[in-house]
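For reference, the structure discussed in these notes is given below.
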Amino acid sequence: MYSKGVFFSAILRAIVVFLLLGGGITPAQDNSRSVLTKLKDFVIYKDTAFYSSFPSVIRKKNGELFIAFRRAPNRVLYGRKSNIHIDPNACLVSVRSIDGGATWSEKPKLLFAHPFGGSQDPCLLPLSDGSILCASFLWSYVGGDTLRMPWFDKNSFRDDHALSGGYITKSYDGGDHWVQLNDPPTIPLEPRLTPTGKPLPAYNRGALLEHKSGRMFWAVTGKVPDIDSPNSVHLLASDDGGETWDYQSEIASDEKIVFNETSLYETPTGRIVAFMRTSNHADQACMAVSEDGGKSFGSWTSMGFKGHPLQALRLPDNRVLLVYGYRHKPYGIRARVLDAECTDYMESEEFVIRDDGGTPDLGYPWSVMLDGNNVLVVYYFNNKNGIRYIGGSILEVQ
């Protein structure tokens, strides 16, 4: 006969072994074992007079870091209960760092203020010739008389503003000066009109792509084929540096699921991967892949995690850093490292960059390499529902 002490000791050892072997219990994430290590979080730009959001970042050939973001007045100071994402005074501004992100411009420089409304999400793309492209889109204030306008039932409205579609600016001197290019085309079967009754120029938020072929690609969103359709995503291409664009193919559509903000990425073998934000799909991140240079895309697929929205960065060893906002408790910023062809998204480990956000109104991360193994991730953030600001985190990649 065993004593009670020996018996219970044996039971305890058995339980420990069971748990160590898995025991059907999923362990909590241990970021210490990740290929990513966070070195620090910091504030890039914060001003209580302004609502700052939706950044993108590039590293110029001279090593300078350049961030563009949307800045609008803090309407709480004017008596509004809260700020929203539509504002007639929203414009695009930029800040820079010449010391690897250690310090940044104290005062942002105006990048572009559209004369016909408030600008949204500036999406930067550095081109191989040294120029920089910036895609944005526009909401125009229309007031309460729009019920009588003939285009009223063919537009998207938010808070007395109508969608005016996308526009593109370009800099030939490293971001000091910007010129507006031709309006993007309207995607086929897009029913919506601008507030002036013209076909709606294509638009979207997300990373554009300069392909190894020299062509530029842009994933845009639209309501096809009618105003009641969920947004779908489509591919445009440019052969003249963004001056003009041609329709290529549909990336993803569904009768119920909304596909919108999309970032493009080219793998070493030339595949074009579209990382998409969704609605009506439990906030699942989705992707679609083109094997033929954008002429067609295979069926879209859910990636198995929530992300809103996403951006992909090639690491020095050809792996891919995928960053995304997380608008569920605990609110913050997350990331994964994928293989070179972006095929292991289901098995990839989720890394929590930040989980201290105050509300879901945050995210939209964008990343860039600092050196051989350090990455800068920029995003907009809030603490305890305070003023929105542009923040950054530096990650070390193993």
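65 is the number of the first residue of the sequence shown in the working numbering; add one for each residue after it. Beta carbons are placed, not taken as given, at the ideal position from N, Cα and C, and that holds for glycine.
Inset, instruction - Compute the distance between the beta-carbons of K320 and N295, then report whether it is under 9 Å. - result: no
Legend entry - Terminal residues of the beta strand (DSSP E) in which T331 lies: From DSSP, T331 is part of no beta strand (DSSP E); its letter is neither H nor E.
Inset, instruction - Starting from the C-beta of P91, find all residues in its chain whose C-beta is less than 6 Å away, skip the five residues before and the five after it, and write them out in chain order. - result: Low local confidence applies: a pLDDT of 35 at P91 is under 50, so the model's placement there is unreliable, with the coordinate-based value given in what follows. Nothing listed; no residue qualifies.
Legend entry - Three-state secondary structure assigned by DSSP to K110: coil
Inset, instruction - Take the Cβ of M410 as the centre, count every other Cβ of all protein chains shown within 10 Å, and call the residue buried at 16 or more, exposed below. - result: It is exposed - the Cβ of M410 has fewer than 16 other Cβ atoms within 10 Å.
Inset, instruction - Could you give the DSSP three-state label for T308: helix, strand or coil? - result: coil
Inset, instruction - Would you mind working out which of L299, K262, S235 sits nearest K218, comparing C-alpha positions? - result: K262
Inset, instruction - Give every residue of the same chain whose Cβ lies closer than 7 Å to the Cβ of G194, excluding the five residues on either side of it in the sequence, and list them in chain order. - result: Within the same chain, and ignoring the five residues on either side of G194 in sequence, the residues whose Cβ sits closer than 7 Å to its Cβ are K125.
Inset, instruction - Determine, using beta carbons only, whether S183 and L156 come nearer to each other than 9 Å. - result: yes
Legend entry - Contact check, V44 vs F133, beta carbons under 9 Å: The chain is shown from 65 up to 462; residue 44 falls before or after that span and cannot be answered.
Inset, instruction - Go through its chain and collect everything with a Cβ distance to G396's Cβ below 6 Å, but skip five positions before and after it. - result: Y390, R418, D419, G421
Inset, instruction - Report the three-state DSSP secondary structure of F216 (helix, strand or coil). - result: helix
Legend entry - Cut-off 7 Å between Cβ atoms - residues of its own chain near R383, not counting five sequence neighbours on either side: V401, L402, D403, A404
Inset, instruction - Would you list the residues sitting across from Y409 in a DSSP beta bridge? - result: In DSSP, Y409 forms no bridge with anything.
Inset, instruction - Out of K393, E274, I291, P289, state which residue places its alpha-carbon closest to the alpha-carbon of A283. - result: Looking at K393, E274, I291, P289, the one whose alpha-carbon comes closest to that of A283 is E274.
Inset, instruction - Rounded to whole angstroms, what's the CA-CA distance from K102 to L129? Just pull it up for me. - result: 19 Å
Legend entry - Cβ shell of A154 (< 6 Å), same chain only, five flanking positions each side left out: R134, A136, G182, S183
Inset, instruction - Output yes or no for whether 9 Å exceeds the beta carbon distance between I454 and I196. - result: no
Legend entry - DSSP-derived helix/strand/coil call for Y231: Y231: strand per DSSP, three-state reduction.
Inset, instruction - Using 10 angstroms around the beta-carbon of T342, count the other beta-carbons present and answer buried if the total reaches 16, otherwise exposed. - result: buried
Legend entry - Cβ distance (whole Å) where G229 is taken to contact L264 below 8 Å: 4 Å
Legend entry - Own chain residues within Cβ distance below 8 Å of P424, not counting five before or after: R391, H392, Y395
Inset, instruction - Given a cut-off of 9 Å, decide if S412 and L379 are closer than it, judged by their beta-carbon atoms. - result: no
Legend entry - Proximity of L100 and A376 at Cβ, strictly below 9 Å: In this structure, the beta-carbon distance from L100 to A376 does not fall below 9 Å.
Inset, instruction - Would you mind working out which of V461, Y205, L374 sits nearest T326, comparing C-alpha positions? - result: L374
Legend entry - Own chain partners of A316 with C-beta closer than 8 Å, once the 5 adjacent residues on each side are dropped: Same-chain partners within the cutoff: S296, V297, F323, A338, M340, C350, A352, F361, W364.
Inset, instruction - Would you kindly work out how many angstroms separate the C-alpha atoms of G427 and E355, rounded to a whole number? - result: 30 Å
Legend entry - Backbone secondary structure at L141 - three-state DSSP: helix
Inset, instruction - Give every residue of the same chain whose Cβ lies closer than 6 Å to the Cβ of R139, excluding the five residues on either side of it in the sequence, and list them in chain order. - result: Excluding residues within five positions, the ones whose Cβ falls inside 6 Å are N147.
Inset, instruction - Identify which residue in A113, F118, F106 has its Cα closest to the Cα of P429. - result: That would be F118, whose Cα lies nearest to the Cα of P429.
Legend entry - L300 to S313 span [Cα, whole Å]: If you take the alpha carbons of L300 and S313, they lie about 8 Å apart.
Legend entry - Test item: CB-CB of A199 and Y311 under 9 Å: no
Inset, instruction - Thinking V441 and S457 are a contact (beta carbons under 8 Å), I'd like their distance in whole angstroms, please. - result: 5 Å
Legend entry - Helix, strand or coil at T101 [DSSP, three-state]: strand
Legend entry - Spatial neighbours of T112 in its chain, beta-carbon cut-off 6 Å, leaving aside the 5 residues before and after: I451
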